[in-house]
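*Asks:* So the numbering used here is basically just the index in the sequence shown, starting at one, shifted up by 226. Don't be surprised by glycine CBs; every beta carbon is placed ideally from N, CA and C. Since we're looking at a predicted model, the values are computed, not measured.
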Amino acid sequence: MTGIERGALDQRIDHDLANEDAARLEVVMQHGGQLVLRGLGDRQAHRRPLDRHGVDLGIADRQAAAGDQDRRLGLGLEIAARGLVQRDQPADRQVQAAAELGDRRRVGGGRRRRGPGLAQGPTALAPRGSLGYGVPRLTSLHQRLRAALQAAAETVRAAPMQAYMKSAMPYHGVTAAGVRAVCRDVFANYGAVDLATWSNDVLAIWNTAAFREERYGAIALTGHRSAKPLQTPASLAMYEHMITTGAWWDYVDDIAVHRIGALVATHPGPMKKTMRLWSKSQDLWKRRTSILCQVLAKDSTDLKLLYACIEPSLGSREFFLRKAVGWALRSYAWHDADEVVRYVDAHADRLSGLSTREALKNIKR
Numbered sequence: 227m228t229g230i231e232r233g234a235l236d237q238r239i240d241h242d243l244a245n246e247d248a249a250r251l252e253v254v255m256q257h258g259g260q261l262v263l264r265g266l267g268d269r270q271a272h273r274r275p276l277d278r279h280g281v282d283l284g285i286a287d288r289q290a291a292a293g294d295q296d297r298r299l300g301l302g303l304e305i306a307a308r309g310l311v312q313r314d315q316p317a318d319r320q321v322q323a324a325a326e327l328g329d330r331r332r333v334g335g336g337r338r339r340r341g342p343g344l345a346q347g348p349t350a351l352a353p354r355g356s357l358g359y360g361v362p363r364l365t366s367l368h369q370r371l372r373a374a375l376q377a378a379a380e381t382v383r384a385a386p387m388q389a390y391m392k393s394a395m396p397y398h399g400v401t402a403a404g405v406r407a408v409c410r411d412v413f414a415n416y417g418a419v420d421l422a423t424w425s426n427d428v429l430a431i432w433n434t435a436a437f438r439e440e441r442y443g444a445i446a447l448t449g450h451r452s453a454k455p456l457q458t459p460a461s462l463a464m465y466e467h468m469i470t471t472g473a474w475w476d477y478v479d480d481i482a483v484h485r486i487g488a489l490v491a492t493h494p495g496p497m498k499k500t501m502r503l504w505s506k507s508q509d510l511w512k513r514r515t516s517i518l519c520q521v522l523a524k525d526s527t528d529l530k531l532l533y534a535c536i537e538p539s540l541g542s543r544e545f546f547l548r549k550a551v552g553w554a555l556r557s558y559a560w561h562d563a564d565e566v567v568r569y570v571d572a573h574a575d576r577l578s579g580l581s582t583r584e585a586l587k588n589i590k591r
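Below, the structure is given as structure tokens:
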């Protein structure tokens, strides 16, 4: 690594960079047995039942007329999905509920911008009956994390790191190793009691982050040892929120490879169904996640799933999807180079040059 620790990601993850849309403003909170998602909009929230299927913004909103932007920004939306935190549900039902929540129409538009945009837009909300909806809340855990990151900061690094990541959200200036050390210290005595508490702690940090390393801390908390028993399909809604609101490679790739990938390995039946759904999503980050979720699977890679998740994006012109296809194939090539060569040759007329180069990078032909 060079002086700039490439967005505080683990070195095992490939680092892709290109221009894309800013994250959408959205809020997630947990209240009792409900997972509540609420778009930031006008003063009054509009309650609507959860649709069986919706259309998430992602690529679709880029095609929306500019004149609709103010109208969409004026809307508020609150969706309550009951039962997502109930671990006694069958795994298939947990994933189905999370997928139904995920394939939703998210309210809020935005002009197309370069780079990941201002990721600090979402705020954590206090539970009903406490501070009331719409009141930002900085938890004590987040306060400790922020203070520790500030203490570890090398301010001379902050601006270059922000420029490299093309981020509107500033950096403290903490290296990847520094972020890991801070998280080990701050979360040393953390104990995930249940899914609702753990996800609320994670999202409280994620949604109120003012510096990018704080969101890296939220991702680190998702992998805390005490949360291992909670890594079930019921946690998928939390990860999906982080993927779609983070909407940039430094966040998404870490979650896709280390969290979603683990869920696919431990709950293959329901998770593989969900990845196939995500591979066709209009949100490119969910598509990218479905393609990358097996990059650490080695010889346990489900080729049928990998190819199924690649297929809907073969004709895409999106850099992040083309790069993901190449990365996923290259990762598998370490274990079966002949199969990757066969696949590349069989799809030569559909694979982009970028995907082909990335897939064959480590293969001598």
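Whole alpha helix (DSSP H) runs in the stretch 443-528 with 4 or more residues, listed along the chain?
*Replies:* Segments of the alpha helix (DSSP H) lying fully in the stretch 443-528: 462-472, 475-481, 487-492, 494-504, 510-518.
*Asks:* Below 8 Å CB to CB, which residues in the same chain sit around residue 566 once its five sequence neighbours on both sides are set aside?
*Replies:* Excluding positions up to five away in sequence, the list reads 555, 556, 558, 559, 585, 586, 589.
*Asks:* By a C-beta neighbour count over all protein chains shown, 10 Å radius and 16 as the cutoff for buried, is residue 480 buried or exposed?
*Replies:* The residue in question, residue 480, is buried, as its Cβ has 16 or more Cβ neighbours within 10 Å.
*Asks:* On the CB-based measure, 16 or more other CB atoms within 10 Å of its CB, does residue 561 come out buried or exposed?
*Replies:* Exposed is the call here.
*Asks:* Taking 8 Å as the threshold (C-beta atoms), are residue 418 and residue 453 in contact?
*Replies:* The answer is yes: Cβ separation under 8 Å.
*Asks:* Decide if the stretch 504-519 is in contact with the stretch 529-549; the criterion is three or more beta carbon pairs, one per stretch, under 8 Å apart.
*Replies:* The stretch 504-519 is in contact with the stretch 529-549.
*Asks:* Tell me which same chain residues have a C-beta within less than 8 Å of the C-beta of residue 592, skipping the five on either side of it?
*Replies:* Outside the shown range of the chain, which is 227 to 591, sits residue 592, and nothing can be said about it.
*Asks:* Of the choices 491, 472, 569, whose alpha-carbon is the least far from that of residue 391?
*Replies:* The shortest Cα separation from residue 391 among 491, 472, 569 belongs to 472.
*Asks:* Tell me where the alpha helix (DSSP H) around residue 419 begins and ends.
*Replies:* Taken as a continuous stretch (DSSP letters only), residue 419 belongs to no alpha helix (DSSP H), as it is neither H nor E.
*Asks:* Could you check the C-alpha separation between residue 368 and residue 431 for me, to the nearest Å?
*Replies:* Using only the alpha carbons, I get a separation of about 6 Å.
*Asks:* By DSSP, does residue 400 sit in helix, in strand, or in coil?
*Replies:* Note: residue 400 maps to coil in three-state DSSP.
*Asks:* Tell me which residues share the same chain as residue 570 and place their Cβ nearer than 8 Å to its Cβ, disregarding the 5 neighbours each side in the sequence.
*Replies:* Excluding residues within five positions, the ones whose Cβ falls inside 8 Å are 555, 577, 582, 585, 586.
*Asks:* Does residue 561 come out as helix, strand or coil in the three-state DSSP assignment?
*Replies:* Looking at residue 561 - three-state DSSP - the assignment turns out to be coil, as it is neither helix nor strand.
*Asks:* According to the Cβ coordinates, are residue 531 and residue 573 closer than 8 Å?
*Replies:* Contact: no.
*Asks:* Tell me whether the beta-carbon of residue 427 lies closer than 8 Å to the beta-carbon of residue 365.
*Replies:* In contact: residue 427 and residue 365 (Cβ atoms closer than 8 Å).
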